[in-house]
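Novice: Going left to right, the sequence shown walks through residues 261 to 683 as the working numbering numbers them. Think of the CB as a built atom: it goes at the ideal place given N, C-alpha and C, for glycine as much as any other residue. Bear in mind the structure is a predicted one, so any value in this text is a computation, not a measurement. Sharing a structure here in structure tokens format.
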Amino acid sequence: MKKPFVTKDKLEEIIREIPTPFHLYDEKGIRENAEKVMKAFSWNPGFKEYFAVKANPNPYLIKILGEYGCGCDCSSLTELMLSEAMGFGGDDIMFSSNVTPAEEYKKAAELGAVINLDDITHVDFLEKTLGYIPKKISCRYNPGGLFKITTDIMDNPGDAKYGMTTEQLFEAFRMLKAKGAEEFGIHAFLASNTVTNEYYPALAKVLFEVAVKLQKETGCHITFINLSGGVGIPYRPDQEPNDIQAIGDGVRRVYEKVLVPAGMGDVSLCTEMGRFMMGPYGCLVAKAIHEKHIYKEYIGLDACAANLMRPAMYGAYHHITVMGKEEAPCDHKYDVTGSLCENNDKFAIDRMLPKIDMGDILVIHDTGAHGFSMGYNYNGRLWSAEVLLKEDGSFQKIRRAEEPKDYFATLDFTPEYKKMFGE
Ligand SMILES: *Cc1c(COP(=O)(O)O)cnc(C)c1O
């Protein structure tokens with residue numbers, strides 16, 4: 261059984277002040293999980309989690325993670341600017357971008373961020389852009405082929421646009437060293453939303469083995485290895501959640517087997533988890549505002565795919581709880597939809613749920629990562645508010661809902677349009 265982290269009474273209290281739809285976040289859950297992550301990797305002295313800002317760029321939430329020592333993983337100018345505004349800088353920022361414009365490298369360098377190069381051509385591009393190569397630098401690795409754990413195919417890196425081939429990685433290290441780099445790191449992201457404790461250890465084995473070879477053959481001093489993101493969460497009620505302690509222990513075993521004997525027992529590990537840090541600790545709260553009985557049964561919400569794109573984009577499952585009807589039999593089959601003029605605007609298809617009445621509050625689970633942040637303005641739909649449910653039970657609006665004036669703001673650049681949309 262998947263249970264919401266919030267009660268119906270509390271939701272009604274919040275809704276009296278902040279109308280639906282909104283994303284709600286669970287401070288207690290975020291904190292408890294962050295603590296577990298830190299503990300699971302505490303055996304590695306230099307360990308650092310760089311929260312993937314793209315997963316949830318709300319500064320109130322990122323600051324909570326900052327209290328546990330987390331930094332920021334950025335991949336765009338505005339993510340860098342946001343991290344800077346929150347007070348992050350230097351080694352607290354990992355810049356893992358691809359197809360990177362020159363100005364973004366400049367900003368990353370200005371902040372002293374660790375730059376993770378996606379491609380060998382970026383060695384020259386970066387040098388040309390900055391006029392130098394930073395002393396500390398990282399390269400993204402793509403081993404190609406299929407990424408398997410025993411016989412299970414996890415993902416297809418050979419088909420992914422990211423990272424350098426093995427030969428390029430060695431060549432990039434030699435080039436960077438010749439240009440003055442002194443501290444090296446490697447990074448790889450080989451599978452997304454993995455719900456198995458084996459992913460990080462298997463990835464670690466790939467990265468650690470290549471790191472040993474790299475250091476031996478190029479003489480570059482590898483000081484950090486970045487396991488990136490990809491640790492998943494159980495979106496479906498029948499899935500077994502990842503055990504981060506088991507994951508940390510698994511990585512440790514590979515570290516002690518591969519890196520320590522090679523004299524590389526001083527390598528710091530880092531991660532760039534987004535989904536695992538935040539996913540389960542957010543939900544989309546919406547109200548049923550229409551029902552429709554045609555060839556199928558439809559429930560229409562006041563939220564739509566512009567508030568949560570994953571079901572429409574990936575066919576992703578998001579569990580739904582009808583508040584106050586947790587014990588009622590799931591004897592109605594519904595498509596739960598939003599209002600977009602797009603037939604894929606469905607939060608659930610053929611989902612068995614309790615009978616839904618107009619005005620019922622629905623909680624759509626696991627929207628804490630890649631939820632709000634993937635929003636868009638199609639059909640002129642506006643971005644929702646974000647609300648933080650605090651540990652003491654109080655709540656705080658941490659982002660206001662977009663208003664029509666925000667939607668029109670990019671048009672009002674001439675006096676004529678200012679008049680139409682502005683004042
Ligand atoms: C998206 C992304 C992440 C975070 O991925 P999760 O699946 O949310 O853990 C980390 N690093 C990079 C470079 C990414 O693109």
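Give the range of the beta strand (DSSP E) segment to which N486 is assigned.
Specialist: Locating residue 486 in the sequence shown gives position 226, where the first residue counts as 1. From DSSP, the beta strand (DSSP E) with N486 extends over 482 to 486.
Novice: Could you check if E339 belongs to the surroundings of ligand 1, using beta carbon to heavy atom distance under 7 angstroms?
Specialist: As a position in the sequence shown, residue 339 is number 79, starting the count at 1. Not under cutoff, so the answer is no.
Novice: Per DSSP, S356 forms a beta bridge with which residues?
Specialist: Translated into positions along the sequence shown, residue 356 becomes position 96. S356 is bridged to N376.
Novice: Is the Cβ-Cβ distance between E339 and K366 less than 8 angstroms?
Specialist: Here the question's residue 339 lines up with position 79 in the sequence shown. Here the question's residue 366 lines up with position 106 in the sequence shown. No, they are not a contact pair.
Novice: Which full runs of the beta strand (DSSP E) of 3+ residues lie inside the region 464 to 512, going along the chain?
Specialist: 482 to 486
Novice: Determine the direct distance from the alpha carbon of S336 to that of D351, and round the result to whole angstroms.
Specialist: Start at 1 with the first residue of the sequence shown, and residue 351 comes out as number 91. Start at 1 with the first residue of the sequence shown, and residue 336 comes out as number 76. Cα to Cα, the separation comes out at about 17 angstroms.
Novice: DSSP on L321, reduced to helix/strand/coil?
Specialist: Working through the sequence shown from its first residue, we reach residue 321 at position 61. It is helical.
Novice: Which word fits Q475, buried or exposed, when buried means at least 16 other C-beta atoms lie within 10 angstroms of its C-beta?
Specialist: Taking the first residue of the sequence shown as 1, we reach residue 475 at position 215. Label assigned to Q475: buried.
Novice: Is any heavy atom of ligand 1 found at a distance shorter than 7 angstroms from the C-beta of M533?
Specialist: Start at 1 with the first residue of the sequence shown, and residue 533 comes out as number 273. With a cutoff of 7 angstroms, M533 counts as near ligand 1, since its C-beta is closer than that to a heavy atom of the ligand.
Novice: Return yes when the C-beta of V491 is under 7 angstroms from any heavy atom of ligand 1, and no when it is not.
Specialist: To locate residue 491, count along the sequence shown from 1; it is residue 231. Flag set: Cβ of V491 near ligand 1.
Novice: Do the region 615 to 627 and the region 578 to 588 make contact, defined as three or more Cβ pairs closer than 8 angstroms?
Specialist: yes
Novice: Helix, strand or coil for F307? Go by DSSP, reduced to three states.
Specialist: Translated into positions along the sequence shown, residue 307 becomes position 47. Note: F307 maps to coil in three-state DSSP.
Novice: Specify whether the region 524 to 542 and the region 557 to 573 touch according to this definition: at least 3 beta carbon pairs, one from each stretch, less than 8 angstroms apart.
Specialist: no
Novice: Count the other C-beta atoms from every protein chain shown that fall within 10 angstroms of the C-beta of M520, then say buried if there are 16 or more, exposed otherwise.
Specialist: Locating residue 520 in the sequence shown gives position 260, where the first residue counts as 1. It should be noted that the sequence gives Val, not Met, for residue 520. Its Cβ having fewer than 16 others within 10 Å, V520 is exposed.
Novice: Is it true that the CB of F311 sits closer than 8 angstroms to the CB of G289?
Specialist: The residue labelled residue 289 in the question sits at position 29 within the sequence shown. The residue labelled residue 311 in the question sits at position 51 within the sequence shown. For G289 and F311, no; Cβs fall outside 8 angstroms.
Novice: So for K395, helix, strand or coil by DSSP?
Specialist: Start at 1 with the first residue of the sequence shown, and residue 395 comes out as number 135. Three-state DSSP puts K395 in coil, outside helix and strand.
Novice: My output table needs one value for G404: the three-state DSSP class, helix, strand or coil.
Specialist: As a position in the sequence shown, residue 404 is number 144, starting the count at 1. Coil, per DSSP.
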